[in-house]
Amino acid sequence: MEAEQQRRKGQKRKLEEESSAASAASSSSDVEEEDETGVEEICFPRSQEALAREVRAQVEVLERAFSWNLADRAAAKRATRALAKLAKSEEAVSVIVEGGAVPALVKHLQEPPPLLVRDDCASGGDRPFEHRVEKWSAFALFLLATKPEYQQLIDDAGALPLLMNLLKRHKKGSNCRAVNGVIWRAAGAITNLAHENRNIKTYVRVEGGIPLLVQLLESIDVKVQSAAAGALRTLASKNESNKNQIVECKALPSLILMLQSVDPSVHYEAVGVIRNLVHSSPNIKKEVLLAGALQPVIGLLSSCCTGSQKEAALLLGQFASANSKCKVQIVQRGALRPLIEMLQSSDVQLKEMSAFALGRLAQDSHNQAGIVFNGGLVPLLKVLDSKNESLQHNAAFALFGIAENEDNVADFVKLGGVQQLQDGEFVVQVTQDCIANTLKRLEVKINGRVLMHLLYLMRVGKKAVQRSIALALAHLCPPDEQRRIFIDNNGIDILLELLSSANLKQQQDGLLALYKMASRAMMLSSVDAAPQSPTPWVYLGEQYVNNSTLSDVTFLVEGKCFYAHRIALLASSDAFRAMFDGRYREKDARDIEILDIRWDIFELMMRYIYSGSVEINNLVAQDLLRAADQYLLKGLKRLCEYIIKQDVNIDNVSSMYELSEACNAISLRQTCILFILEQFEKLSILPGYCHLIQRIVPGIRSYFDKALKPNSKNSES
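Residue numbers (the numbering used here): 16 to 732.
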């Protein structure tokens with residue numbers, strides 16, 4: 016709809032320019048046709064009131080000057096041209112219509128009644144200014160009909176039958192400039208009146224307007240050809256009956272010849288007619304192809320007229336949809352290179368149409384390889400950043416097709432295509448779905464020889480290529496190939512290098528890739544429930560906690576006695592076993608002083624030793640973890656880590672990581688690493704972020720060294 020409106024405005028400008036050019040080029044023999052006297056004298060009124068007065072004055076002239084009288088005809092010519100000049104300004108159109116100009120202009124689309132007294136026009140013959148008044152009336156109505164709200168008003172005034180009657184005047188004068196002038200302006204008025212108006216389109220067909228326009232395609236005058244094609248283009252839009260009649264009237268041979276015209280306006284309108292004919296009409300599409308349209312349309316891709324290029328690209332996309340044979344033929348006939356060149360234009364619509372065509376062509380495996388070979392991948396990836404939703408979607412669809420061919424996957428990955436798909440901002444849901452499906456398609460292809468190729472490039476390629484591949488594989492590689500990629504081929508080193516980059520975006524890419532890799536392997540996911548405590552060797556029960564009965568050792572904690580039993584302590588951990596069975600002075604001591612643990616923490620630790628379980632809250636969990644680590648109580652450490660992990664957040668993750676390092680708390684350390692990787696965007700704005708990242712690098716490397724070993728899930732007890 017928007018493109019069609021732009022086309023109509025362009026046609027309006029073109030007609031205006033051609034009218035001015037015609038005036039400048041007028042010959043002395045035909046000076047009365049293009050004489051600007053009377054029009055140029057009229058200055059555009061500066062106020063609405065003055066404009067209304069001027070319009071009314073010209074309308075009054077037209078109302079009284081409908082005769083072959085020389086003076087009347089001259090006055091009518093000046094008045095119609097004056098109204099046409101005023102109508103060039105969009106601000107004046109409403110004033111002209113409200114001033115009653117439409118009926119007056121429509122009246123002058125026809126010839127006046129014959130003169131009865133010949134002496135009145137002795138100086139000008141019996142038909143002065145023949146065709147001129149009608150021409151300027153048609154041109155003025157064309158300009159007024161540019162506004163859709165006035166189309167029906169003009170139609171109701173009876174303009175259409177008179178305009179179609181003007182089309183027949185080519186039979187009266189063989190290539191006469193005056194005749195051609197009235198014809199192409201009448202065709203232009205019909206075009207604007209029929210725009211988005213189903214009833215007017217039907218009327219033109221029923222009243223025989225389509226055969227007249229098809230005949231005019233063979234005119235010698237290029238303006239007539241262009242105007243007739245423009246009218247047929249509008250009549251064919253969203254109207255199956257009109258399409259069929261245009262084809263039945265044998266318009267295709269003429270239209271295809273017009274595609275090869277040296278005049279841009281001719282081939283622009285011709286390709287537009289054909290595009291509207293084939294739209295949603297498979298049978299007409301077949302006829303158009305059989306008539307030989309394909310090669311001329313491909314030729315228009317290299318036209319100097321961007322409008323023709325756009326239409327040709329759009330038409331090729333229509334040819335290619337749902338027709339595998341035609342997809343291949345379009346590429347074989349040389350369409351790829353000009354389409355890819357168009358994709359790099361500064362014209363957004365030109366890029367959009369090119370991407371549309373490439374998207375349809377990319378649904379064939381041979382074409383997919385050809386697009387990449389001819390350099391189409393880089394510009395397609397580039398236009399993904401466009402704010403134009405249609406262009407973005409067309410490019411995404413083309414990339415979806417390219418990703419189907421495994422020969423393209425390595426190029427796609429090494430050029431950073433995976434990151435671009437992941438980082439892009441895609442507003443329209445259908446585009447988001449297309450991007451997601453492309454990533455899935457790439458993921459499926461990354462195996463076998465494709466993976467071998469990527470690993471080779473990751474070893475020998477330039478640093479940027481190595482990074483692109485490592486980042487992509489972290490997101491897309493099969494989990495069972497992670498060790499081969501990241502340990503055996505040093506992919507982990509490439510990702511860890513990114514964490515040291517001064518470029519925040521590269522840091523973020525590396526952190527996200529490491530998080531995704533860990534998540535895909537399901538190695539760093541949080542534990543859903545607290546771990547079960549191991550069954551103790553000796554289970555005395557809670558009733559013996561700090562009970563002097565049978566107690567054979569006393570601990571002094573914060574100056575208070577805590578009664579214990581060696582047998583329970585010996586069975587609980589290697590630390591107590593070394594204390595009582597080794598060469599330490601505590602071996603035979605009756606009283607042992609504990610200096611670095613609070614009473615409540617020591618009591619909780621002993622309760623765990625005697626009962627195998629203990630209730631822990633986040634107020635004591637960290638101190639209890641330190642105690643459990645000191646006395647080598649693995650089960651208690653796991654319980655403490657579980658409680659502490661629930662409380663990891665943006666503000667404390669740094670201190671939690673330090674705690675995990677100090678206590679060799681592997682599960683807590685993994686949780687902190689995963690949290691830092693996942694929350695890098697929020698953490699990156701905090702002070703000390705870079706220092707934190709550098710501190711966790713050894714932990715990340717250590718984790719993946721262990722996690723990616725064969726059967727690593729079952730290796731930790």
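Where a beta carbon is used, it is the ideal one built from N, C-alpha and C, also for glycine.
Could you tell me the alpha carbon to alpha carbon distance between Glu496 and Leu470, rounded to whole angstroms? For the purposes of this step, residue 496 is identified with residue 481 of the sequence shown, where counting begins at 1. For the purposes of this step, residue 470 is identified with residue 455 of the sequence shown, where counting begins at 1. For Glu496 and Leu470, the distance between alpha carbons rounds to 11 Å.
Are the Cβ atoms of Arg93 and Phe154 separated by less than 7 Å? As a first step, residue 93 must be located in the sequence shown, where it is residue number 78. As a first step, residue 154 must be located in the sequence shown, where it is residue number 139. Cβ atoms of Arg93 and Phe154: not closer than 7 Å.
Other residues of its chain near Gly332: CB distance less than 6 Å, five sequence neighbours each side excluded: What you label residue 332 is simply residue 317 of the sequence shown in a count that begins at 1. Taken in chain order, the residues that qualify are Phe371, Ala372, Arg375.
Beta-bridge pairing of Ala579 - partner residues as DSSP gives them: Here residue 579 corresponds to residue number 564 of the sequence shown, with the count starting at 1. DSSP, once it has assigned bridges, lists Val568 as partnering Ala579.
Per DSSP, the bridge partner or partners of Glu608: Taking the first residue of the sequence shown as position 1, residue 608 is located at position 593. Leu571.
For Ala137, which of helix, strand or coil comes out of DSSP? Locating residue 137 in the sequence shown gives position 122, counting from the first residue. Interpretation of Ala137 is limited by its pLDDT of 41, a score under 50 that renders its predicted location unreliable; the figure taken from the coordinates is listed afterwards. Ala137 falls in the coil class under three-state DSSP.
Mark Asn632 as exposed unless 16 or more other C-beta atoms lie within 10 angstroms of its C-beta, in which case mark it buried. Taking the first residue of the sequence shown as position 1, residue 632 is located at position 617. Asn632 should be labelled exposed.
Pull up the distance between the alpha-carbon of Ser369 and that of Ala116, whole angstroms please. On the sequence shown, position 354 is the one that residue 369 refers to. On the sequence shown, position 101 is the one that residue 116 refers to. Approximately 44 Å, taken between the alpha carbons.
Could you check if Pro713 is buried or exposed, using at least 16 other CB atoms within 10 Å of its CB as the buried criterion? Against the sequence shown, residue 713 aligns to sequence position 698. Classification of Pro713: exposed, given that the 10 Å Cβ count is below 16.
Since I believe Leu316 is in contact with Leu354 (beta carbons under 8 Å), could you give me their beta-carbon distance rounded to a whole number of angstroms? Start at 1 with the first residue of the sequence shown, and residue 354 comes out as number 339. Start at 1 with the first residue of the sequence shown, and residue 316 comes out as number 301. Rounded, the Cβ-Cβ distance is 6 Å, consistent with contact.
Cβ neighbours of Glu74 in the same chain (closer than 7 Å, five flanking residues each side left out): By one-based count along the sequence shown, residue 74 stands at place 59. For clarity, residue 74 is Val in the given sequence; the question names Glu instead. Excluding sequence neighbours, Val74 sits near Gly114, Gly115, Ala116, Ala119.
Does DSSP put Cys492 in a helix, a strand or coil? Counted from its first residue, the sequence shown places residue 492 at position 477. Coil.
If the criterion is Cβ atoms closer than 7 Å, does the pair Leu651 and Tyr623 meet it? Along the sequence shown, one-based indexing puts residue 651 at 636. Along the sequence shown, one-based indexing puts residue 623 at 608. Closer than 7 Å, so yes.
Could you tell me if Thr564 is buried or exposed, where buried requires 16 or more neighbouring beta carbons within 10 angstroms of its beta carbon? Looking up residue 564 in the sequence shown gives position 549. It is exposed - the Cβ of Thr564 has fewer than 16 other Cβ atoms within 10 Å.
Can you give me the C-alpha to C-alpha distance between Gln359 and Pro394, rounded to a whole angstrom? As a position in the sequence shown, residue 359 is number 344, starting the count at 1. As a position in the sequence shown, residue 394 is number 379, starting the count at 1. Roughly 6 Å between the two C-alpha positions.
Measure the alpha-carbon distance for Asp720 versus His381 and round it to whole angstroms. Here residue 720 is taken as the residue at index 705 of the sequence shown, counted from 1. Here residue 381 is taken as the residue at index 366 of the sequence shown, counted from 1. C-alpha separation (whole angstroms): 42 Å.
For Ile261, which residues in the same chain have their Cβ closer than 7 Å to its Cβ, ignoring the five residues on either side in sequence? Indexing the sequence shown from 1 puts residue 261 at position 246. Correct list, in chain order: Ile225, Val229, Leu247, Ala251, Leu292.
Could you give the C-beta distance for Pro127 and Phe157, rounded to a whole number, given that I count them as a contact under 8 Å? Counted from its first residue, the sequence shown places residue 127 at position 112. Counted from its first residue, the sequence shown places residue 157 at position 142. About 22 Å separates the two Cβ atoms, so there is no contact after all.
When the Cα atoms are used, what is the spatial distance from Glu32 to Lys100? For the purposes of this step, residue 32 is identified with residue 17 of the sequence shown, where counting begins at 1. For the purposes of this step, residue 100 is identified with residue 85 of the sequence shown, where counting begins at 1. A caution first: Glu32 carries a pLDDT of 47, below 50, which makes its placement in the model too unreliable to give a value.
Exposed or buried, which one is Val387 when buried takes at least 16 other CB atoms within 10 Å? On the sequence shown, position 372 is the one that residue 387 refers to. That one is buried.
For Arg474, count the other beta carbons within 10 Å of its own beta carbon; 16 or more makes it buried, fewer makes it exposed. Which is it? Here residue 474 refers to the residue found at position 459 when the sequence shown is read from its first residue. Classification for Arg474: exposed.
Straight-line CA distance for Val443 to Pro279? Within the sequence shown, numbered from 1, the residue matching residue 443 stands at position 428. Within the sequence shown, numbered from 1, the residue matching residue 279 stands at position 264. Near 35 Å, if we compare the C-alpha coordinates of Pro279 and Val443.
By Cβ distance, which residues of its chain are closer than 7 Å to Cys655, with the 5 residues on each side in sequence left out? Locating residue 655 in the sequence shown gives position 640, where the first residue counts as 1. Counting only Cβ-Cβ distances below 7 Å, and skipping sequence neighbours, we find Ile631, Ala636, Leu639, Leu640, Ala643.
For Ser669, report the span of its alpha helix (DSSP H) as first-last. Residue mapping note: residue 669 aligns to position 654 of the sequence shown, counting from 1. Here the alpha helix (DSSP H) through Ser669 covers 668 to 677.
Between Ala489 and Leu529, which are expected to be in contact by the criterion C-beta below 8 Å, what is the C-beta distance as a whole number of angstroms? Numbered from its first residue, the sequence shown carries residue 489 at position 474. Numbered from its first residue, the sequence shown carries residue 529 at position 514. Yes, Ala489 and Leu529 are in contact; Cβ-Cβ is about 7 Å, under 8 Å.
Other residues of its chain near Val572: CB distance less than 6 Å, five sequence neighbours each side excluded: Here residue 572 refers to the residue found at position 557 of the sequence shown. Excluding positions up to five away in sequence, the list reads Ile609, Trp614, Phe617.
Tell me which same chain residues have a C-beta within less than 6 Å of the C-beta of Leu526, skipping the five on either side of it? For the purposes of this step, residue 526 is taken as residue 511 along the sequence shown, with counting starting at 1. Closer than 6 Å at the Cβ level, and outside the excluded window around Leu526, lie Leu692, Phe695.
With H, G and I counted as helix, E and B as strand and the rest as coil, what does DSSP make of Tyr471? The sequence position of residue 471 within the sequence shown is 456, counting from 1. If DSSP states are grouped into helix, strand and coil, Tyr471 belongs with the helices.
Cut-off 7 Å between Cβ atoms - residues of its own chain near Cys492, not counting five sequence neighbours on either side: For this step, residue 492 is matched to residue 477 along the sequence shown. Contacts found: Ile461, Ile500.
Within 10 angstroms of the Cβ of Asp606, are there 16 or more other Cβ atoms? Answer buried if so, exposed if not. Taking the sequence shown and counting its residues from 1, one reaches residue 606 at position 591. Exposed: under 16 other Cβ atoms inside 10 Å.
Could you check which residue in Ile484, Thr686, Ile450, Glu676 has the C-alpha nearest to that of Arg710? Position 695 of the sequence shown, counting from 1, holds the residue named residue 710. Among Ile484, Thr686, Ile450, Glu676, the Cα nearest to that of Arg710 belongs to Glu676.
Residue nearest to Leu365 in terms of C-alpha spacing, selected from Cys191, Gly385, Lys342, Gln324: Taking the first residue of the sequence shown as position 1, residue 365 is located at position 350. The shortest C-alpha separation from Leu365 is found at Gln324.
My parser needs the alpha helix (DSSP H) runs of 4 or more residues fully inside the stretch 404 to 486; what are they? 404 to 417, 421 to 429, 432 to 438, 444 to 460, 463 to 475
Limits of the alpha helix (DSSP H) - the one that Tyr283 falls within: The residue given as residue 283 occupies position 268 in the sequence shown. Per DSSP, Tyr283 belongs to the alpha helix (DSSP H) from 279 to 293.
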